[in-house]
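> In case it helps, my numbering puts the sequence shown at residues 13 to 708.
Ideal Cβ placement from N, Cα and C applies to all residues, glycine included.
Please read through the structure below; I'll follow up with questions.
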Amino acid sequence: MSGLSVIFVPLLPWAVLGAGAGLAVAMLALALWRGLPGWPLRGVAAMVLLAALSGPSLQREETEALSDIVLLLDDRSASQGLGGRAAQTDAAVAALEARIGALPGTELRRVTVPDGEENSGTRLGAALAEALAAEPRARVAGAVVISDGQVHDAPLIPELPAPLHLLLTGAPQDWDRRLVIQTAPAFGIIGEPVSIRLRIEDVGAVPAGVGSRAKVSISIEGEEPNEYEVSVGRDLELPLTLRHGGQNVVQFSVLPVEGELTTRNNDAVVQINGVRDRLRVLLVSGEPHAGERTWRNLLKSDPGVDLVHFTILRPPEKQDGVPVAELSLIAFPTQELFIDKIDEFDLIIFDRYGERGILPSAYFENIRDYVLKGGAVLVAAGPEYATVESLWQTDLADILPARPTGRVLAEPFLPRPTELGLRHPVTAGLEGAPGLEGDDGPHWGRWLRQIELSDPTGEVVMQGARGAPLLVLSRAGEGRLALLASDHAWLWDRGYEGGGPQLELLRRIAHWEMKEPELEEEALFAEVEPGSMALTVVRRTMEGQADPVQVTLPDGSTREIALQETAPGRFTARWVAPEAGLYRLAQGDLERVAALGPASPREYEEPIASPEPLAAALVASGGAVTRLSDGIPAVRTVREGRPSAGRGWIGITPRGAAATTDIRVVPLLPAWAWLAIAALLSVAAWLREGRGRTRA
13 MSGLSVIFVP LLPWAVLGAG AGLAVAMLAL ALWRGLPGWP LRGVAAMVLL
63 AALSGPSLQR EETEALSDIV LLLDDRSASQ GLGGRAAQTD AAVAALEARI
113 GALPGTELRR VTVPDGEENS GTRLGAALAE ALAAEPRARV AGAVVISDGQ
163 VHDAPLIPEL PAPLHLLLTG APQDWDRRLV IQTAPAFGII GEPVSIRLRI
213 EDVGAVPAGV GSRAKVSISI EGEEPNEYEV SVGRDLELPL TLRHGGQNVV
263 QFSVLPVEGE LTTRNNDAVV QINGVRDRLR VLLVSGEPHA GERTWRNLLK
313 SDPGVDLVHF TILRPPEKQD GVPVAELSLI AFPTQELFID KIDEFDLIIF
363 DRYGERGILP SAYFENIRDY VLKGGAVLVA AGPEYATVES LWQTDLADIL
413 PARPTGRVLA EPFLPRPTEL GLRHPVTAGL EGAPGLEGDD GPHWGRWLRQ
463 IELSDPTGEV VMQGARGAPL LVLSRAGEGR LALLASDHAW LWDRGYEGGG
513 PQLELLRRIA HWEMKEPELE EEALFAEVEP GSMALTVVRR TMEGQADPVQ
563 VTLPDGSTRE IALQETAPGR FTARWVAPEA GLYRLAQGDL ERVAALGPAS
613 PREYEEPIAS PEPLAAALVA SGGAVTRLSD GIPAVRTVRE GRPSAGRGWI
663 GITPRGAAAT TDIRVVPLLP AWAWLAIAAL LSVAAWLREG RGRTRA
């Protein structure tokens, strides 16, 4: 196809040509005023000269018609796998490819839209914008989306130059029951209830036979779930009590109902970080010594510690005439501390305390019972532990982890972890720890005195002078005890010979006695790498090897993960999970739950097919919604401005785009012809004016 047009290629700027035209008009006006009969010929000659300078040319264009382009977006996100949507999509894609391909001068561009990364949902808006940017807008005759309509980036849909149609998958009778967590705290205090608000909803065309009650199960850290029957469609406030510090994984599940669209949104996971309100510590000091102030400063410097400190200096039988009012500021409330309120303390520390008759034997019996019921005691022993005033001579002997021999080893020695201590979480990996036989590298400073112990019944994790037990950890009933056989730990705090990690060691001892999960000897952890689907499995054990960990995936299938020892007593493996959801890890009696992304992916939050998210874009483009359950529509071509959809059909708008293949430009007249015409007109004007003068 070709076309002919006139173009101008001026030899001088248009401003100069305009000035010349003005000058010509002025001269013609002068000729007319003077009554020259040749002024019309002069005017025509001026116009010919100006036309010649404007460069009139004939332009011939050879064009080729271009085909129209129709964009077909094929939604293959996870929600499109529900019900019969995948089959509907396959049938619609095949039919549209055939029907659009049969239209003359029309091409189809198919774009498959997968699941968005990092649980971002269906990113159809971005896919449409990218597809539109890759094509000339003048050729786009329409766009067709095959989807359930649940698009999570609808605001990114660009303005289209042609109709946008939605072929909606799903069925009108689809319905689903889902669990929605409305509010959940990120932190909670251990032992105190926290409140979680949730709601169970029925969405879609709910059948009449579905009841208004649902069964909900709640499981904390993968333990046996508790079941409750609740109302559907009402907000529920559920109180939970955290049992330990660190991450607490709480899983909520709704019992599936026959006929619902999916069960992937019947689960929800909440991760709450358990923290202690305050660690309540009772510090009972005996004979004053250089380390007493260190103990007090250490505990008082921690804002998370609520400290009650008493120093007992004087036995009741001592009589030296000192007025009673001057003996102490307040009376020592032994009964209140060791009988009435002993259960309120998380930890009791005896620092160089010698039994001199101040506390009755019944009090020590009560302390023993306090430990057996879950309490914690730390004994920092001095020389009195090797005498008849030793706590070993009280009812605490039944639970203390080692017996004193009666000898005090007053000699410098280097505290060292034992072979067991290198694997135990309380002493493993302490900064600057020396080897079993000592080494020449950085190590801790020496201590100068140790109480010799024998017959340890607990775990000896540190040794001192002559290889004797220095730190012994043990369990008694439901509680725990720690025995430190030296009163010279304060030397580390003072930096003697370089000092040592006193604060970290005592913190670990206290947290181990508080049964913190990260300091358990036998433990299984799952650490989720932020921003990825990778899971680091950590198995801590006192054994020399660790069996593979069995992982249960969200779909119920299982896999085994082999572990490798990365540090003494620590076995790890990095594993990339195939999808978001709740994963259960098990090895023997140990279990752990890890949540990668939400338990219910975003694709299943709104499982019912709906055109609402795309409604604004459809209206703006003049497109329409067609349910595939009513059949696959025919495709027609319609003129711009006409209705683009009707009963059983959708329309595309031919654009009539063309590409120019050749352009030829030819001057309207040769330059000499313009000059000759102007000269002839000028001579004719001169001759006519000459005759007029002769007659006159």
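1. Indicate whether Leu594 and Val266 have their beta-carbon atoms separated by less than 9 Å.
2. Go through the stretch 600-678 residue by residue and report every complete run of the beta strand (DSSP E) that reaches 3 residues or more, in order.
3. Note down the Cα distance separating Asp601 from Ala198, rounded to an integer number of angstroms.
4. Kindly indicate which residue of Gln194, Gly298, Asp214 and Ala104 has the alpha-carbon position closest to the one of Asp247.
5. Could you pull the start and end residues of the alpha helix (DSSP H) that Asn309 belongs to?
6. Suppose you measure from the CA of His712 to the CA of Arg478; what does that come to, to the nearest Å?
7. By how many angstroms is the C-alpha of Glu396 removed from the C-alpha of Arg368?
8. Any idea what DSSP makes of Asp452, helix, strand or coil?
9. Using only CA atoms, which one of Gln71, Asn378, Ala31 and Ile664 lies nearest to Ile675?
10. Just how far apart, CA to CA, sit Ala138 and Leu108?
11. Starting from Gly491 and walking both ways along the beta strand (DSSP E), at which residues does that stretch end?
12. Among Gly257, Ser69 and Ser79, whose alpha-carbon lies nearest the alpha-carbon of Leu120?
13. I want to know whether the stretch 465-482 touches the stretch 495-504 - three or more CB-CB distances under 8 Å.
14. What does DSSP give as the partner residues of Ala3 in its beta bridges?
15. Just to confirm, are Arg552 and Phe583 a CB contact at a threshold of 9 Å?
16. So, with DSSP's three-state summary, where would you put Gln92?
17. The ligand FAD and Ser17: does the residue's C-beta get closer than 8 Å to at least one heavy atom of that ligand?
18. By how many angstroms is the C-alpha of Glu74 removed from the C-alpha of Ala63?
19. Taking 9 Å as the cut-off, decide whether the C-beta atoms of Leu531 and His500 are in contact.
20. Is Asp505 helix, strand or coil by DSSP?
21. Only counting runs of 4 or more residues, tell me where the alpha helix (DSSP H) segments fall wholly within the stretch 90-163, in order along the chain.
22. Is Ile158 close to chain B, meaning its C-beta is less than 9 Å from at least one C-beta of that chain?
23. How long is the line joining the alpha carbons of Phe376 and Asp407, rounded to whole angstroms?
24. Ends of the beta strand (DSSP E) at Trp587?
25. Would a C-beta distance cut-off of 9 Å place Leu359 and Ala388 closer than the cut-off?
26. Note down, in chain order, each residue of its chain lying with its Cβ closer than 6 Å to the Cβ of Pro613, except the 5 sequence neighbours on either side.
27. Please classify Glu577: does DSSP put it in a helix, a strand, or coil?
28. In whole angstroms, what separates the C-alpha of Pro25 from that of Trp686?
29. Could you tell me how far apart the beta carbons of Val650 and Ser69 are, in whole angstroms, since I believe they sit closer than 8 Å?
30. Which of the three DSSP states, helix, strand or coil, is assigned to Asp247?
31. List the whole-angstrom C-beta distance separating Glu401 from Asp363, where the pair is believed to meet the contact cut-off of C-beta under 8 Å.
32. Ignoring anything shorter than 4 residues or poking outside the stretch 372-409, list the alpha helix (DSSP H) runs there in chain order.
33. Let me check one thing: in DSSP terms, what residues is Val287 bridge-paired to?
34. Go to Gly418, then tell me how far its beta strand (DSSP E) extends in each direction, as first and last residue.
35. Start and end of the alpha helix (DSSP H) containing Ser66?
36. Taking buried to mean at least 16 other C-beta atoms within 10 Å of its own C-beta, is Thr439 buried or exposed?
Put simply:
1. Taking the first residue of the sequence shown as position 1, residue 594 is located at position 582. Taking the first residue of the sequence shown as position 1, residue 266 is located at position 254. It is not a contact, given that the beta carbons lie outside the stated cut-off.
2. Runs found: 602-608, 637-639, 646-649 and 661-664.
3. Locating residue 601 in the sequence shown gives position 589, where the first residue counts as 1. Locating residue 198 in the sequence shown gives position 186, where the first residue counts as 1. Between the C-alpha atoms of Asp601 and Ala198 there is a straight-line separation of about 28 Å.
4. Against the sequence shown, residue 247 aligns to sequence position 235. Considering only Gln194, Gly298, Asp214 and Ala104, the residue with the shortest C-alpha distance to Asp247 is Gln194.
5. Position 297 of the sequence shown, counted from the first residue, corresponds to residue 309. Where Asn309 is concerned, the enclosing alpha helix (DSSP H) stretches over Glu304 to Lys312.
6. Nothing can be reported for residue 712: it is not among the residues displayed for the chain, which extend from 13 to 708.
7. Residue mapping note: residue 368 aligns to position 356 of the sequence shown, counting from 1. Residue mapping note: residue 396 aligns to position 384 of the sequence shown, counting from 1. Annotation: Arg368 to Glu396 spans about 10 Å, alpha carbon to alpha carbon.
8. Working through the sequence shown from its first residue, we reach residue 452 at position 440. With a pLDDT of 49 at Asp452, under the threshold of 50, the predicted position of this residue should be treated as unreliable, though the coordinate-derived value follows. In the three-state reduction of the DSSP assignment, Asp452 falls in the coil class, being assigned neither a helical nor a strand state.
9. The residue given as residue 675 occupies position 663 in the sequence shown. Relative to Ile675, the option among Gln71, Asn378, Ala31 and Ile664 whose CA is nearest is Gln71.
10. Here residue 138 is taken as the residue at index 126 of the sequence shown, counted from 1. Here residue 108 is taken as the residue at index 96 of the sequence shown, counted from 1. Between the alpha carbons of Ala138 and Leu108 lies a gap of roughly 22 Å.
11. Start at 1 with the first residue of the sequence shown, and residue 491 comes out as number 479. Counted as a single uninterrupted DSSP element, the beta strand (DSSP E) harbouring Gly491 occupies residues Gly491 to Leu496.
12. Looking up residue 120 in the sequence shown gives position 108. If we check each option's Cα against that of Leu120, Ser79 comes out closest.
13. Judged by Cβ distances under 8 Å, the stretch 465-482 makes contact with the stretch 495-504, as three or more pairs qualify.
14. Residue 3 is absent from the structure shown; the chain starts at 13 and stops at 708.
15. As a position in the sequence shown, residue 552 is number 540, starting the count at 1. As a position in the sequence shown, residue 583 is number 571, starting the count at 1. In this structure, Arg552 lies near Phe583, with their beta-carbon atoms less than 9 Å apart.
16. Numbered from its first residue, the sequence shown carries residue 92 at position 80. In the structure shown, Gln92 sits in a helix (DSSP, three-state: H, G or I).
17. As for the ligand FAD, it is missing from this structure, which has no ligand bound.
18. Taking the first residue of the sequence shown as position 1, residue 63 is located at position 51. Taking the first residue of the sequence shown as position 1, residue 74 is located at position 62. If I take the Cα positions, the gap works out to 27 Å.
19. By 1-based counting over the sequence shown, the position of residue 531 is 519. By 1-based counting over the sequence shown, the position of residue 500 is 488. Not in contact: Leu531 and His500 (Cβ atoms no closer than 9 Å).
20. Here residue 505 is taken as the residue at index 493 of the sequence shown, counted from 1. If DSSP states are grouped into helix, strand and coil, Asp505 belongs with the helices.
21. Fully enclosed alpha helix (DSSP H) runs of 4 or longer: 97-114 and 136-145.
22. The chain labelled as chain B is not found in the depicted structure, where only one protein chain is given.
23. To locate residue 376, count along the sequence shown from 1; it is residue 364. To locate residue 407, count along the sequence shown from 1; it is residue 395. Those two C-alpha atoms are separated by around 6 Å.
24. Taking the sequence shown and counting its residues from 1, the one referred to as residue 587 is at position 575. Going by DSSP, Trp587 is part of the beta strand (DSSP E) stretching over Arg582 to Val588.
25. Translated into the one-based positions of the sequence shown, residue 359 becomes position 347. Translated into the one-based positions of the sequence shown, residue 388 becomes position 376. Their beta carbons are under 9 Å apart, which means Leu359 touches Ala388 by this criterion.
26. Translated into the one-based positions of the sequence shown, residue 613 becomes position 601. Answer for Pro613: Asn131 and Ala592, listed in chain order.
27. As a working note, residue 577 is residue 565 in the sequence shown. Glu577 falls in the strand class under three-state DSSP.
28. Translated into the one-based positions of the sequence shown, residue 25 becomes position 13. Translated into the one-based positions of the sequence shown, residue 686 becomes position 674. Between Pro25 and Trp686, the C-alpha separation is close to 19 Å.
29. In the sequence shown, the residue the question calls residue 650 occupies position 638. In the sequence shown, the residue the question calls residue 69 occupies position 57. Rounded, the Cβ-Cβ distance is 40 Å, inconsistent with contact.
30. Sequence index remark: in the sequence shown, residue 247 carries index 235 (1-based). Looking at Asp247 - three-state DSSP - the assignment turns out to be strand.
31. As a position in the sequence shown, residue 401 is number 389, starting the count at 1. As a position in the sequence shown, residue 363 is number 351, starting the count at 1. The Cβ separation is near 14 Å, so there is no contact.
32. Segments of the alpha helix (DSSP H) lying fully in the stretch 372-409: 373-384.
33. What you label residue 287 is simply residue 275 of the sequence shown in a count that begins at 1. Beta-bridge pairing links Val287 to Ile201.
34. To locate residue 418, count along the sequence shown from 1; it is residue 406. Unbroken beta strand (DSSP E) run through Gly418: Arg415 to Leu421.
35. Along the sequence shown, read from residue 1 onward, the residue named residue 66 stands at position 54. From DSSP, the alpha helix (DSSP H) with Ser66 extends over Trp51 to Ser66.
36. Taking the first residue of the sequence shown as 1, we reach residue 439 at position 427. Per the 10 Å Cβ criterion, buried.
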